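Engineer: Dropping a structure here in structure tokens format, bear with me for questions.
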Amino acid sequence: MSSLLETKIVARQHALREQGLLRQRKVLSVDHDLNTNASTSSPRFVFEGRAYINFSSNDYLGLSRVPELAEALHLGAQTYGVGSGASPLVTGYSDAHLALERELCALTGHEAALLFCSGFSANTALMKTLFDQHDIVVADKLVHASIIDGLQDSGAQLKRFLHNSSESAERLLARNQTSALITESVFSMDGDCAPISELSALCRQHHTWLIVDDAHGFAVLDGYHNAEAAKLIDVQVVTFGKALGCQGAAVLGSQALIDFLVSNAREYIYSTALSPANAALALAATQYSTAHPELQQKLRENITLFKRLCLEANVPLLGSDTAIQPLIIGDARQTLQVAEELRVAGIWVGAIRPPTVPVGSARLRITLTAAHATEDIATCVAQLAQVLSRVGVPLVTERQATDDHR
């Protein structure tokens with residue numbers, strides 16, 4: 089006789105499978121034939137004996153396989169060992185962590201920084217530690233799940249404004265005594281950018297903190313991603329697993345905020361610290377990305393090429409100008425079908441389904457990197473156009489997608 093939990097697990101998994109929403113891991117391996125020169129090869133991997141061009145990675149600058157950074161990780165491990173051995177407040181905080189924090193502050197203009205093992209833990213720790221039931225927080229409708237989870241744990245009252253709408257945000261700020269406004273720099277599923285300058289001006293007017301989840305913008309976007317960032321943003325969360333190609337995250341803000349988090353953030357107090365070797369790697373990756381602006385330029389060129397080829401092939405996109413290029417299909421099962429057809433052609437893209445995105449907005453999430461060659465992008469678009477034509481999926485237009493979000 090099955091237990092209650094076993095019955096629940098079986099029923100839930102069956103329902104997800106029937107809806108096309110079941111998530112399963114896939115074991116990928118390195119394509120040794122195509123990655124003999126890691127610094128110049130296109131992003132590829134092997135799954136079940138076949139090589140695929142990878143258009144689903146957040147490694148926007150292609151740094152995860154740069155030999156100099158592999159050497160930095162090796163040197164960091166030789167110097168500090170492979171782990172931190174304790175939480176930061178015991179013996180897990182080293183000069184490697186301090187050096188990375190100082191570099192991040194120098195780049196952004198913030199007074200202080202605090203390192204976490206992931207962007208998810210950084211966001212949830214910040215939200216549940218900073219806010220409580222006495223706070224009213226306004227946030228963009230499409231902020232990341234880690235922000236939502238942290239706010240729910242905090243007990244704060246959450247009010248959502250229409251996606252990327254300064255007018256909607258202003259109405260909420262005018263009606264409420266708000267503690268903070270939260271948005272993302274680049275939204276991970278739509279690839280569009282928040283109006284940071286406008287939101288910052290609103291927050292200053294209403295004496296409210298602006299908190300920006302900068303996971304997909306840091307080290308990639310122009311504008312406020314420099315020593316002027318702190319003049320616009322009160323709290324900036326950056327991650328190292330996207331454009332920097334490694335692991336970890338940081339909360340950047342005032343010295344008072346960071347001291348408060350050190351004393352009160354349970355995720356920081358009771359977790360083993362990010363390894364010093366990984367901190368040394370993130371520092372090297374930050375410095376490498378700054379010293380090689382041609383990588384950002386190459387990424388911009390690849391984005392422009394992809395969008396132009398899609399326009400010529402009548403492949404409808406959402407209008408994103410970032411490395412994240414969504415193609416909304418709508419139905420979850422049809423989205424999986426298109427992704428599978430592309431895999432048959434050797435192209436691997438992300439099939440994003442609810443609850444990651446709203447019901448009816450399942451999509452292909454195509455991500456571009458500086459490491460993609462021109463022929464990779466041309467092949468991707470050509471195969472995409474063929475598959476869409478063959479499958480005959482009715483695509484969601486940009487205006488329909490925007491209306492659905494609102």
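Residues 89 to 494, numbered by my numbering, are exactly what the sequence shown covers, in order.
Each residue gets a CB set at the ideal place from its N, CA and C atoms; glycine is no exception.
Bear in mind the structure is a predicted one, so any value in this text is a computation, not a measurement.
(1) Going along the chain, which residues of its own chain have a beta-carbon closer than 8 angstroms to the beta-carbon of T485, five neighbours each way excluded?
(2) To which residues of the same chain is S276 closer than 6 angstroms at the C-beta, ignoring the five residues directly before and after it?
(3) Using only alpha-carbon positions, find the residue among F143, K319, A338 that is nearest to F328.
(4) With 16 other CB atoms within 10 Å as the buried threshold, where does G480 fall?
(5) By the 10 Å Cβ neighbour count, where 16 or more other Cβ atoms means buried, how is A194 classified, buried or exposed?
(6) Under 9 angstroms, do Q413 and G207 count as touching if we go by C-beta distance?
(7) In the DSSP assignment, find the unbroken beta strand (DSSP E) run with K247 in it and report its ends.
(8) What do you reckon, is the C-beta of E429 under 8 angstroms from a heavy atom of the ligand HEM?
(9) If you check the beta carbons only, do Y140 and T457 fall under 9 angstroms apart?
(10) Please state the DSSP three-state secondary structure of S256.
(11) Could you name the residues of the same chain whose beta carbon sits closer than 6 angstroms to that of E429, not counting the 5 residues immediately before and after it, in chain order?
(12) Beta carbon of L110, beta carbon of Q101: below 9 angstroms?
(13) Please report how far the alpha carbon of R421 lies from the alpha carbon of E258, in whole angstroms.
(14) Just to confirm the assignment: which complete alpha helix (DSSP H) runs, minimum length 4, are found wholly within the stretch 192-227?
(15) Closest to S253 by CA distance: which of H222, L290, V225 is it?
(16) Looking at the structure shown, is E156 part of a helix, part of a strand, or coil, going by DSSP?
(17) Please report the distance separating the alpha-carbon of A200 from that of R388.
(18) Buried or exposed: R451, going by 16 or more other Cβ atoms within 10 Å of its Cβ?
(19) Compute the Euclidean distance between the alpha carbons of I224 and T266, then round it to the nearest angstrom.
(20) So, for N125: in the same chain, excluding its five sequence neighbours on each side, which residues have a beta-carbon less than 8 angstroms away from its beta-carbon?
(21) Hey, could you find the ends of the beta strand (DSSP E) V437 is sitting in?
(22) The beta strand (DSSP E) spanning P131 covers which residue range?
(23) Less than 8 angstroms between C-beta atoms, sequence neighbours within five positions excluded: which residues of the same chain meet that for Y376?
Structural biologist: So, from the data block:
(1) Start at 1 with the first residue of the sequence shown, and residue 485 comes out as number 397. At T485, the pLDDT of 49 sits below 50, so the modelled position is not reliable and the matter cannot be decided from this model.
(2) For this step, residue 276 is matched to residue 188 along the sequence shown. The residues are H304.
(3) In the sequence shown, residue 328 corresponds to position 240, counting from 1. Closest option to F328, Cα to Cα, is A338.
(4) For the purposes of this step, residue 480 is taken as the residue at position 392 of the sequence shown. Flag for G480 reads exposed.
(5) For this step, residue 194 is matched to residue 106 along the sequence shown. Exposed, since its Cβ has fewer than 16 Cβ neighbours within 10 Å.
(6) Along the sequence shown, read from residue 1 onward, the residue named residue 413 stands at position 325. Along the sequence shown, read from residue 1 onward, the residue named residue 207 stands at position 119. The answer is no: Cβ separation not under 9 angstroms.
(7) The residue you call residue 247 lines up with position 159 of the sequence shown. That run of the beta strand (DSSP E) goes 245-249.
(8) For the structure depicted, the ligand HEM is absent and the ligand set is empty, with no information on it obtainable.
(9) Translated into the one-based positions of the sequence shown, residue 140 becomes position 52. Translated into the one-based positions of the sequence shown, residue 457 becomes position 369. No, Cβ-Cβ distance for Y140 and T457 is not below 9 angstroms.
(10) Taking the sequence shown and counting its residues from 1, one reaches residue 256 at position 168. Helix.
(11) Translated into the one-based positions of the sequence shown, residue 429 becomes position 341. So the list reads V475, once near-sequence residues are dropped.
(12) Counted from its first residue, the sequence shown places residue 110 at position 22. Counted from its first residue, the sequence shown places residue 101 at position 13. Yes; because the gap between Cβ atoms is below 9 angstroms, this pair is in contact.
(13) For this step, residue 421 is matched to residue 333 along the sequence shown. For this step, residue 258 is matched to residue 170 along the sequence shown. Their backbone Cα atoms lie some 39 angstroms apart in a straight line.
(14) 207-218
(15) Position 165 of the sequence shown holds residue 253. Checking every option, the nearest Cα to that of S253 belongs to L290.
(16) Walking along the sequence shown from the start, residue 156 turns up at place 68. In this structure, E156 counts as helix in the three-state DSSP scheme.
(17) Mapped onto the sequence shown, residue 200 falls at position 112. Mapped onto the sequence shown, residue 388 falls at position 300. A200 and R388: Cα-Cα distance of roughly 31 angstroms.
(18) Position 363 of the sequence shown, counted from the first residue, corresponds to residue 451. R451 comes out buried.
(19) Residue 224 sits at position 136 when you count from the first residue of the sequence shown. Residue 266 sits at position 178 when you count from the first residue of the sequence shown. C-alpha separation (whole angstroms): 5 angstroms.
(20) By 1-based counting over the sequence shown, the position of residue 125 is 37. Residue confidence for N125 is low, a pLDDT of 49 falling below 50, so the modelled location carries little weight; the figure read from the coordinates is stated next. Once the five neighbours on either side are set aside, N125 has no close Cβ partner at all.
(21) In the sequence shown, the residue the question calls residue 437 occupies position 349. Note, V437: beta strand (DSSP E), 435-440.
(22) Here the question's residue 131 lines up with position 43 in the sequence shown. Neither: P131 is in no beta strand (DSSP E) and is coded neither H nor E.
(23) Here residue 376 corresponds to residue number 288 of the sequence shown, with the count starting at 1. Excluding positions up to five away in sequence, the list reads L151, V154, E156, L157.
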